[in-house]
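When you line the sequence shown up against my numbering, it's residues 18 to 315, in that order. Beta carbons are placed, not taken as given, at the ideal position from N, Cα and C, and that holds for glycine.
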Amino acid sequence: MHDFEKGMIKFIHGGRYPHCHSLFIDDERRALIDAASNEETLLAIQKERPVQILINSHGHEDHLLYNHLFPEAEFWVHEADAHVFRDVQNLIDCYGEEIEETERQRWADFLINSCHYVPRRSDRFLRHGEVIEFGEVRVEIVHTPGHTPGHCAFYFPEERILFTADLDLVKAGPYYGDVASSLEDTVESLNRLKSYPCDIYLTSHGRGVYEGDQIYVDRYLACIRHREEALIEFLRAAPRTLDDITDRGIIYGPKKAFLGPWDLSVSERFMMEKHLDFLIKDGLVRQEGKRFIYVPRR
Ligand SMILES: [Zn+2]
Ligand SMILES: [Zn+2]
């Protein structure tokens, strides 16, 4: 029934967006991290003995899909993402600064009807470094901002498991395309993950179960570097506007691509903007009007 388990920690595979994998802690106090995997499995768990604690690794719709099946559970999330769960408009705000009204409506429909978004207040905030006991199982909260400001990973020292959530180690590389995402924080958080000795990494998407080898984190970090190098290469050839850079499709490819209702060129643009900000700060790029210009190192 479970795709991976060790002791009382059980990993439930989820499908494609807007699903993700879940982590179920089948202890004295039953806890579920990211209820967005398999509806049937989650309902069976709940029927057997109710889940008392529902945790979200961060505030994205593909992690809250089945939260509504656990209305009685205590709800825990990091403070920096808590507002996203309180009002659907706050979640929509994550994805753009000036979203038109019709677009907002389309998003609200999708989030409410397809992702079962129900406003929810958190009963407790997750804090970096705190250790929570569910009975026998202990978990240490690892605040890993970047993907979102309140993104957390979960470290099980006895089982030597690190659940890295949306720092998901997939070959395509990390996402930092929300308004409040941070490229620098993503890099710092990934480096932080490497300081937790573990045998297994569990992640929210993709294959989900990895041997606890830092090579996977390094490969994921290298994706960020490759994106930066590709951007520099593109600017070295000629000055470019943000539209040119977005159309180039360094991350998601030059063809129009969608993930659910998501136009990935929006993510491409936001992520490239974050790379440009970094390169400008670093002195490798300067902006003149709408154009970004490569500045060779002296
Ligand atoms: Zn996410
Ligand atoms: Zn996700």
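Cβ neighbour criterion (16 or more within 10 Å) applied to residue i
i: residue 299; result: exposed
i: residue 209; result: buried
i: residue 60; result: exposed
i: residue 77; result: buried
i: residue 67; result: exposed
i: residue 13; result: The requested residue 13 is not part of the displayed model; the chain covers only 18 to 315.
i: residue 129; result: exposed
i: residue 196; result: exposed
i: residue 90; result: buried
i: residue 310; result: exposed
i: residue 203; result: buried
i: residue 35; result: buried
i: residue 254; result: exposed
i: residue 221; result: buried
i: residue 206; result: buried
i: residue 257; result: buried
i: residue 32; result: exposed
i: residue 292; result: buried
i: residue 318; result: Since the first residue shown for the chain is 18 and the last is 315, residue 318 is missing from the structure and cannot be characterised.
i: residue 200; result: buried
i: residue 194; result: buried
i: residue 296; result: buried
Beta-ladder partner(s) of residue i, from DSSP
i: residue 43; result: 47
i: residue 305; result: 308
i: residue 279; result: 276
i: residue 157; result: 148 and 172
i: residue 22; result: 27
i: residue 95; result: 143
i: residue 227; result: 218
i: residue 180; result: 171 and 219
i: residue 70; result: 48 and 91
i: residue 258; result: 308
Rounded distance between the beta-carbons of residue j and residue i, thought under 8 Å
i: residue 158; j: residue 171; result: 7 Å
i: residue 161; j: residue 98; result: Actually they do not touch by this definition, with Cβ atoms about 12 Å apart.
i: residue 111; j: residue 80; result: 13 Å between Cβ atoms; not a contact.
i: residue 143; j: residue 100; result: Their Cβ separation, rounded to whole angstroms, is 15 Å, which puts residue 143 and residue 100 out of contact at 8 Å.
i: residue 271; j: residue 264; result: 7 Å
6 Å CB neighbourhood of residue i in its chain, flanking five on each side removed
i: residue 229; result: 215, 216, 217 and 218
i: residue 18; result: Unreliable placement is indicated for residue 18, whose pLDDT of 44 sits below 50; the coordinate value is still reported in the next sentence. Hits under 6 Å: none found.
i: residue 269; result: 281 and 285
i: residue 92; result: 71, 137, 139 and 140
i: residue 75; result: 98, 165, 167 and 168
i: residue 240; result: 190
i: residue 125; result: 105
i: residue 21; result: 28 and 226
Distance cut-off 7 Å: residue i Cβ against heavy atoms of ligand 3
i: residue 280; result: With respect to ligand 3, the structure shown offers nothing to examine, as its ligands consist of ligand 1 and ligand 2.
Cβ neighbours of residue i in the same chain (closer than 8 Å, five flanking residues each side left out)
i: residue 40; result: 26, 27, 28, 29, 49, 50, 51, 171, 180 and 219
i: residue 147; result: 157 and 158
i: residue 83; result: 52, 53, 54, 56, 59 and 133
i: residue 192; result: 164, 183, 198, 284 and 288
i: residue 69; result: 46, 47, 48, 90 and 91
i: residue 312; result: 300, 301, 302 and 303
i: residue 123; result: 278
Cutoff 7 Å; reference residue i; Cβ partners in own chain excluding five residues on either side
i: residue 104; result: 136
i: residue 116; result: 109
i: residue 176; result: 23, 24 and 26
i: residue 231; result: 211
i: residue 85; result: 133 and 135
i: residue 306; result: none
i: residue 62; result: 41 and 68
i: residue 274; result: 281
Open item on the list: Below 8 Å, how does it come out for the region 147 to 159 and the region 42 to 51: are there three or more Cβ pairs, yes or no?
Closed with: Yes, the region 147 to 159 is in contact with the region 42 to 51.
Task: At least 3 beta-carbon pairs within less than 8 Å: the region 219 to 236 vs the region 244 to 255 - done: Contact between the region 219 to 236 and the region 244 to 255 is absent, with fewer than three C-beta pairs closer than 8 Å.
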